[in-house]
Structure formats: structure tokens, C-alpha cells
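Asker: One structure, pasted below without further comment.
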Amino acid sequence: MVKAIVGANWGDEGKGKITDMLAQDSDIVIRFQGGANAGHTIINDYGKFALHTLPSGVFNDNTTSIIGNGVALNIPVLFNEMKEIEAQGVPAPKLLVSDRAQIVMPYHVLFDQYEEERLGGKSFGSTKSGIAPFYSDKYAKIGFQVSELFDEEYLKEKIANVCEQKNILLEHLYHKPKIDEEELFQTLMEYRDMVAPYVCDVSLYLHNAIKEGKDILLEGQLGSLKDPDHGIYPMVTSSSTLAAYGAIGAGIPPYEIKQVITVVKAYSSAVGAGAFVSEIFGEEADELRRRGGDGGEFGATTGRPRRMGWFDIPASKYGCRMQGTTDVAFTVLDVLGYLDEIPVCVGYEIDGEVTTEFPTTRTLEKAKPVLEVLPGWKCDIRGITNYDDLPENCKNYIEFVEERLGYPITLISNGPGRNEIIYRGFKK
Ligand code: GDP
Numbered sequence: 004m005v006k007a008i009v010g011a012n013w014g015d016e017g018k019g020k021i022t023d024m025l026a027q028d029s030d031i032v033i034r035f036q037g038g039a040n041a042g043h044t045i046i047n048d049y050g051k052f053a054l055h056t057l058p059s060g061v062f063n064d065n066t067t068s069i070i071g072n073g074v075a076l077n078i079p080v081l082f083n084e085m086k087e088i089e090a091q092g093v094p095a096p097k098l099l100v101s102d103r104a105q106i107v108m109p110y111h112v113l114f115d116q117y118e119e120e121r122l123g124g125k126s127f128g129s130t131k132s133g134i135a136p137f138y139s140d141k142y143a144k145i146g147f148q149v150s151e152l153f154d155e156e157y158l159k160e161k162i163a164n165v166c167e168q169k170n171i172l173l174e175h176l177y178h179k180p181k182i183d184e185e186e187l188f189q190t191l192m193e194y195r196d197m198v199a200p201y202v203c204d205v206s207l208y209l210h211n212a213i214k215e216g217k218d219i220l221l222e223g224q225l226g227s228l229k230d231p232d233h234g235i236y237p238m239v240t241s242s243s244t245l246a247a248y249g250a251i252g253a254g255i256p257p258y259e260i261k262q263v264i265t266v267v268k269a270y271s272s273a274v275g276a277g278a279f280v281s282e283i284f285g286e287e288a289d290e291l292r293r294r295g296g297d298g299g300e301f302g303a304t305t306g307r308p309r310r311m312g313w314f315d316i317p318a319s320k321y322g323c324r325m326q327g328t329t330d331v332a333f334t335v336l337d338v339l340g341y342l343d344e345i346p347v348c349v350g351y352e353i354d355g356e357v358t359t360e361f362p363t364t365r366t367l368e369k370a371k372p373v374l375e376v377l378p379g380w381k382c383d384i385r386g387i388t389n390y391d392d393l394p395e396n397c398k399n400y401i402e403f404v405e406e407r408l409g410y411p412i413t414l415i416s417n418g419p420g421r422n423e424i425i426y427r428g429f430k431k
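Following the working numbering from start to finish, the sequence shown increments by one per residue and tops out at 431.
See the structure below:
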């Protein structure tokens with residue numbers, strides 16, 4: 004059976020932890036979109052890890068980890084990550100890389116930096132990992148597929164064609180050094196040697212795995228609100244963050260995705276620019292940031308302090324709807340235990356009218372939060388494993404959110420560790 008684990012919000016919902024946890028019962032975990040621009044933080048018996056490219060199933064001996072065709076594959080980053088986890092005692096993962104995945108080229112990373120510099124204050128807050136230039140090239144049909152690394156003559160010709168265009172931009176738009184074709188070819192040969200043992204016809208592999216009844220997890224990155232079509236465009240990422248795209252980015256039929264586990268965080272956090280209606284500031288935000296996640300809300304890839312806010316019902320309800328949620332995993336709930344009262348953004352006031360539906364970006368920029376305040380539970384809920392053992396006010400908070408979202412909360416995460424989870428009707 005195929006399950007997808009995706010985010011409802013702006014990312015950083017705790018998908019890595021949920022994937023690591025569910026990967027224990029999975030034969031295959033696949034990344035289907037995005038690149039090394041975001042990270043998952045995972046804490047398990049081996050230690051604490053920030054994964055950017057490797058699927059979160061790599062800590063399981065029985066799990067095959069796959070980089071799907073939809074991923075922006077940064078080959079040196081992938082291999083450094085493999086080395087790092089092995090250095091921390093994790094057995095070498097069983098890894099497969101799609102022969103149709105495209106490669107983040109060294110110049111994609113440079114173009115990302117140069118464009119941010121050029122835009123100055125008007126920048127999109129890119130992580131400068133080359134993701135936007137990568138996907139631009141993919142859809143402009145000048146990207147490099149892993150399969151192409153194995154045809155040297157073709158590769159040389161393609162490099163020459165691509166460099167012609169890139170070098171004009173480098174010279175005249177950015178005033179930066181041009182790409183050396185020979186050096187780029189040699190780099191790609193190094194990439195080829197690194198990736199060669201893992202290259203696979205992934206869609207065929209998955210076709211057979213599905214036939215054999217294997218348990219397969221699709222692992223999403225970021226969340227619904229960063230989707231280029233359905234998110235807060237243009238403050239979005241460059242590949243679809245929705246479960247539906249899992250079918251394309253892994254190469255499986257859409258009807259095979261039977262369960263969509265949408266990870267929803269018990270409060271809000273976001274990185275980068277863009278409207279963030281329930282955002283809080285000052286000491287109130289600092290305290291939540293300091294207490295949030297595991298050791299504070301700072302970007303796993305960039306270390307940037309995250310923007311903080313109260314739980315946002317319109318955004319999360321929309322986020323769950325766009326994912327096609329079957330199960331909500333409600334995470335980092337333990338963090339809210341210090342609050343006397345917990346404000347929740349239950350609607351948006353836009354031009355004098357209150358709505359619970361999430362609008363397009365230009366309208367969103369006008370939205371003001373409508374807050375409702377719930378009583379806090381004022382204790383540490385870590386260590387609790389039964390739903391009924393949670394404090395009454397904590398259950399009220401969960402049930403309030405569940406009712407407003409309209410999707411069942413079947414998993415509750417009350418700590419960063421793999422086993423810190425409360426099952427509430429979740430079907431494995
Ligand atoms: P992802 O990209 O969605 O995987 O999210 P991140 O890894 O960036 O952020 C989640 C952070 O919260 C990480 O530091 C996790 O270790 C931590 N985390 C996940 N679930 C919980 C939880 O239930 N409680 C606490 N306190 N931290 C959690």
C-alpha cells in the first residue's frame with residue numbers, strides 16, 4: 004500500500020519525525036519533489052540528524068530509500084549526507100536514484116545567489132540551493148537527467164549548447180565569471196561515478212513493489228502553502244508539495260496513494276517572506292521560538308530564525324484539503340504546555356468580512372486574524388501515550404482544531420523522539 008506524508012502548512016511541521024516513525028514498518032521510502040533547500044530533523048537511537056536530500060527511511064535496515072524523478076538531485080550533497088550518517092554509526096542505506104531524476108548543476112546554485120543579489124531587498128528569501136534555477140531549466144527543457152550522464156558525446160554537445168545561453172546571462176546580466184565547459188564536463192563525470200551504483204528505473208521498481216504488496220511511503224517536503232499552484236504564490240517553492248504530485252514525482256498511478264497523512268503543527272511557523280496572518284512578534288514570538296520544535300525554531304538547512312504564529316485554522320484547513328487528507332498527524336503539541344491561554348486564528352477578516360476559507364495571495368495580504376482564546380493545560384504532556392491520559396484542556400484544544408479542520412486527527416506527536424506519539428484511531 005502507498006501512503007504519502009505531506010505538510011499542511013509552510014513546512015517544518017515535523018514530517019521527518021513522522022516519516023522516520025512510519026518508516027519502521029515500510030519497505031520503501033521515496034522523496035518525490037524538492038531538493039536540498041529544506042531539511043527534516045530526526046531524532047532516533049542513532050542520534051540527531053538534519054537530512055536535506057536523503058529520504059527519512061535511511062535509518063531502517065529493511066527500508067529501501069529512493070530519490071524519485073521529481074527531486075532536484077544535488078549529487079555531492081546527497082553523498083556528503085550518506086557519509087555523515089555513516090560516520091555517526093548508521094548502516095549504509097539501501098539507496099536507489101531514479102534514472103529520470105534531474106541534477107542540480109553547480110551553476111544553478113550560483114544563479115540562485117546571483118539572482119538574490121540582483122533582486123536585493125525584493126528577493127524571495129531563497130535558500131540559495133539552486134532550486135528555482137533548477138526547476139526553471141527543467142521546464143525550459145535544458146536540464147540534465149541522471150540517465151544523460153552515461154552518454155559522453157551527447158553530454159558534451161548539450162553542455163556547449165546550455166553554456167552558450169548561461170554565459171550570456173553570467174557576463175551581461177550578472178557580471179560574473181563564465182562557465183568553463185571542460186571543467187563542467189569533468190564535474191559531471193565525477194557525479195556519474197558517484198551515482199552510478201544506485202541508478203534505477205524507479206517507476207518500474209515501484210510498479211513491481213506495488214504488485215508484491217510492499218509498504219511504500221512517499222515523503223513530501225515543505226507544505227501545501229508553498230505549492231507553486233495552490234500556495235502563496237510567488238512566495239512558494241518551485242515544485243509541487245502536494246500528495247497528488249507524489250504520483251508523478253515517484254512514477255506511480257495516482258489511485259495507488261491510499262492514505263494521505265497530513266502533518267499539521269499545533270502552532271504556526273514559516274520561513275521566508277510572504278503573508279502570514281496569525282504571525283506574532285516580540286517577546287511572545289521569541290518565547291514560542293525558543294521553546295518550539297526540538298531546541299528552538301531555526302531552519303534545519305539555513306539556521307534562520309523561523310517566523311512564529313498561532314495555529315491558523317483557515318490556512319491549515321485549506322492545507323489539509325489540498326493534500327486530500329485521510330489522516331492528520333498533529334505535532335509539537337507538547338511545546339504549548341507553558342501557555343496560560345492559547346490563541347487560535349479561527350478566521351480571517353478581509354475588507355470587513357470574516358471568512359474561514361484561504362484566499363489567493365493578493366487578498367491574503369489584506370487579511371487580519373480573528374482570534375479565539377482557549378485555556379492552556381499548563382503541564383508537560385511528554386511521556387503520555389494514551390489519548391485519555393492527556394489533560395482535559397489539551398484534549399479540548401485537539402478536538403477544537405479537529406472540528407474546525409474537518410479532518411480526523413489520528414496521530415498526536417508530543418515530543419521529537421520516534422516513540423513520542425499518541426495513536427488515536429490511526430490505521431497502520
Ligand atoms: P519537517 O521539515 O516537517 O520534518 O520539520 P523540521 O524537522 O524542520 O521541524 C520539526 C522540528 O520539530 C524538529 O526539530 C523536530 O525534531 C521537532 N519535532 C517534531 N515533532 C515534535 C514534537 O511532537 N514535539 C517537539 N517538541 N518537537 C518535535
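For glycine and all other residues, C-beta sits at the position ideal for the given N, C-alpha and C.
Is the closest heavy atom of the ligand GDP to the C-beta of K6 under 6 Å?
Answerer: Not under cutoff, so the answer is no.
Asker: Where do the ends of the beta strand (DSSP E) carrying M311 lie?
Answerer: 310-312 is the extent of the beta strand (DSSP E) around M311.
Asker: Given that a residue counts as buried once 16 or more other Cβ atoms are within 10 Å of its Cβ, and exposed if not, what is Y157?
Answerer: When all chains shown are included, Y157 counts as exposed.
Asker: Could you tell me whether the stretch 93-103 touches the stretch 199-206, where touching means 3 or more Cβ pairs closer than 8 Å?
Answerer: The stretch 93-103 is in contact with the stretch 199-206.
Asker: On the premise that R310 lies in contact with E282, defined as a C-beta separation below 8 Å, what is that separation, rounded to the nearest angstrom?
Answerer: The Cβ separation is near 6 Å, so the contact holds.
Asker: Would you mind reading off the limits of the beta strand (DSSP E) that contains D198?
Answerer: In the sequence on display, residue 198 carries Val and not Asp. No beta strand (DSSP E) holds V198; the alpha helix (DSSP H) holding it covers 184-198.
Asker: With the cut-off set at 7 Å, would you say C348 and W380 are in Cβ contact?
Answerer: No, the pair does not count as a contact, with Cβ atoms beyond the cut-off.
Asker: Suppose the cutoff is 6 Å on Cβ atoms and the five residues either side in sequence are ignored; what does the same chain contact list for P96 look like?
Answerer: For P96, where only same-chain residues beyond five positions count, the Cβ hits under 6 Å are V61, S68.
Asker: Using 8 Å for Cβ pairs, my map puts L64 next to P94. What's the rounded Cβ distance?
Answerer: The question names Leu, yet the displayed sequence has Asp at residue 64. Going by Cβ atoms, the distance from D64 to P94 rounds to 6 Å, so yes, they are a contact pair.
Asker: On a Cα-Cα basis, can you pick out the residue from D140, L408, G146, N389 that is closest to I424?
Answerer: Ranking the options by Cα distance to I424, first place goes to N389.
Asker: Can you tell me the Cα-Cα spacing of E89 and G50, whole angstroms?
Answerer: In a straight line, the C-alpha of E89 is about 12 Å away from that of G50.
Asker: Inspect the beta-carbon positions of Y400 and L377 and report whether they are closer than 7 Å.
Answerer: It is a contact, given that the beta carbons lie within the stated cut-off.
Asker: From P79 to A278, what does the alpha carbon distance come to, in whole angstroms?
Answerer: Their Cα atoms are separated by approximately 34 Å.
Asker: At a cut of 8 Å, does the stretch 230-245 reach the stretch 17-27 through at least three beta carbon pairs?
Answerer: They do not touch, by the three-pair rule.
Asker: With a threshold of 6 Å, establish whether the CB of P419 neighbours any heavy atom of the ligand GDP.
Answerer: For the ligand GDP, at least one heavy atom lies less than 6 Å from the Cβ of P419.
Asker: Compute the minimum distance between the beta carbon of G312 and the heavy atoms of the ligand GDP, and state whether it is under 6 Å.
Answerer: Not under cutoff, so the answer is no.
Asker: Could you compute how far the alpha carbon of M4 sits from the alpha carbon of G306?
Answerer: Near 36 Å, if we compare the C-alpha coordinates of G306 and M4.
Asker: Compute the Euclidean distance between the alpha carbons of T328 and C166, then round it to the nearest angstrom.
Answerer: The alpha-carbon atoms of T328 and C166 are separated by roughly 43 Å.
Asker: According to DSSP, is A26 helix, strand or coil?
Answerer: In the structure shown, A26 sits in a helix (DSSP, three-state: H, G or I).
Asker: Only counting runs of 4 or more residues, tell me where the alpha helix (DSSP H) segments fall wholly within the stretch 327-369, in order along the chain.
Answerer: List check, alpha helix (DSSP H) in window: 364-367.
Asker: To the nearest angstrom, report how far apart L225 and E185 are at their CA atoms.
Answerer: Rounded to the nearest angstrom, the two C-alpha atoms are 36 Å apart.
Asker: Does the distance between the C-beta of V404 and the nearest non-hydrogen atom of the ligand GDP fall short of 6 Å?
Answerer: No, since every heavy atom of the ligand GDP falls outside the 6 Å radius drawn around the Cβ of V404.
Asker: Between I387 and L336, what straight-line distance do the alpha-carbon atoms span, to the nearest angstrom?
Answerer: Roughly 12 Å separates the two Cα atoms.
Asker: Going by C-alpha distance, which of E286, R324, V74, A273 is nearest H301?
Answerer: Here the sequence assigns Phe to residue 301, which means His is not the residue at that position. The residue with the shortest Cα to Cα distance from F301 is A273.
Asker: Would you list the residues sitting across from L414 in a DSSP beta bridge?
Answerer: Paired residues: A332, Y426.
Asker: Tell me the DSSP secondary structure of L245 in three-state form.
Answerer: Reduced to three states, the DSSP call for L245 is coil.
Asker: Quick one, which of R293, E360, H210, D354 has its alpha-carbon nearest P257's?
Answerer: Checked all of R293, E360, H210, D354; the closest Cα to P257 is H210.
Asker: Taking the alpha-carbon positions, what's the D183 to P362 distance?
Answerer: Going by the C-alpha atoms only, they are around 46 Å apart.
Asker: Compute the Euclidean distance between the alpha carbons of A288 and T44, then round it to the nearest angstrom.
Answerer: C-alpha separation (whole angstroms): 21 Å.
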